[in-house]
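Note that the working numbering has the sequence shown beginning at 3, numbered continuously upward. From the three backbone atoms N, C-alpha and C, an ideal C-beta is built for every residue, glycine too. All remarks here apply to the structure that follows.
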Amino acid sequence: MDTINATVTRDGKWWVADFTVDGHEYGTQARRLGDIAAEVADAAALMTDRDPSDYTVTITAADPQWAALVEDYQSATADLARAQDAARDASRAAVTALRAQGLTGRDVAALMGISPQRISQIVA
């Protein structure tokens with residue numbers, strides 16, 4: 003499967019995508035941004051005599067401000083995922099260590115500020 007990197011701009015009521023396939027530059031358009039990846043894959047397939055499913059399309063905004071906003075969002079969500087993983091690992095370690103020292107699930111829950119049911123989920 004080939005990846006096509008399409009750069010999109012807004013032109014009136016249309017989204018315009020520019021992309022390169024096999025060293026040739028092409029363009030296509032769609033009314034909704036959500037449709038542009040399929041349009042790019044269809045156009046690439048038409049130009050190369052391949053199936054649209056042969057392509058994975060990534061969309062990048064041509065406007066640097068839009069691209070920066072999206073990059074900030076993606077960075078923040080990646081940071082959040084790492085923080086959630088760290089919190090999960092820390093909660094599991096805390097529950098395991100406290101239970102190993104003889105504390106009940108209810109005691110551990112009270113210390114950690116979470117419900118006894120959550121303690122049960124963590125140790126499961």
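If you draw a straight line from the C-alpha of residue i to the C-alpha of residue j, how long is it?
{"i": "Thr-79", "j": "Val-23", "result": "31 Å"}
{"i": "Thr-62", "j": "Val-10", "result": "6 Å"}
{"i": "His-26", "j": "Ala-83", "result": "38 Å"}
{"i": "Ala-85", "j": "Arg-34", "result": "34 Å"}
{"i": "Gly-29", "j": "Ser-117", "result": "55 Å"}
{"i": "Ala-99", "j": "Asp-87", "result": "18 Å"}
{"i": "Ala-96", "j": "Ser-77", "result": "28 Å"}
{"i": "Ala-92", "j": "Gln-31", "result": "48 Å"}
{"i": "Asp-81", "j": "Ile-124", "result": "22 Å"}
{"i": "Trp-68", "j": "Thr-60", "result": "15 Å"}
{"i": "Gly-36", "j": "Arg-101", "result": "50 Å"}
{"i": "Leu-113", "j": "Trp-16", "result": "56 Å"}
Between which two residues does the alpha helix (DSSP H) harbouring residue i extend?
{"i": "Ile-124", "result": "118 to 125"}
Just to confirm the assignment, what range does the beta strand (DSSP E) spanning residue i have?
{"i": "Arg-12", "result": "4 to 13"}
{"i": "Gly-1", "result": "There is simply no residue 1 to check, as the chain begins at 3 and stops at 126 in what is shown."}
Quick one: measure Cβ to Cβ for residue i and residue j, integer angstroms, because I've assumed they're closer than 8 Å.
{"i": "Ala-111", "j": "Arg-120", "result": "7 Å"}
{"i": "Ile-38", "j": "Ala-64", "result": "About 12 Å separates the two Cβ atoms, so there is no contact after all."}
{"i": "Gly-107", "j": "Ser-122", "result": "6 Å"}
Open item on the list: Under 8 Å, with one C-beta from each stretch per pair, do the segment 45 to 56 and the segment 64 to 81 reach the 3-pair mark?
Closed with: In the pairwise beta carbon analysis, the segment 45 to 56 is classified as not touching the segment 64 to 81: fewer than three pairs are separated by under 8 Å.
Taking 8 Å as the threshold, find out whether the segment 4 to 23 comes into contact with the segment 41 to 50 through three or more Cβ pairs.
Contact between the segment 4 to 23 and the segment 41 to 50 is present, because at least three Cβ pairs lie under 8 Å.
| message | To test your reading of the DSSP string, which unbroken alpha helix (DSSP H) runs of 4 or more residues are found completely within the segment 46 to 118? | response | If we require 4 residues or more, the alpha helix (DSSP H) runs fully inside the segment 46 to 118 come out as 66 to 102, 107 to 114.
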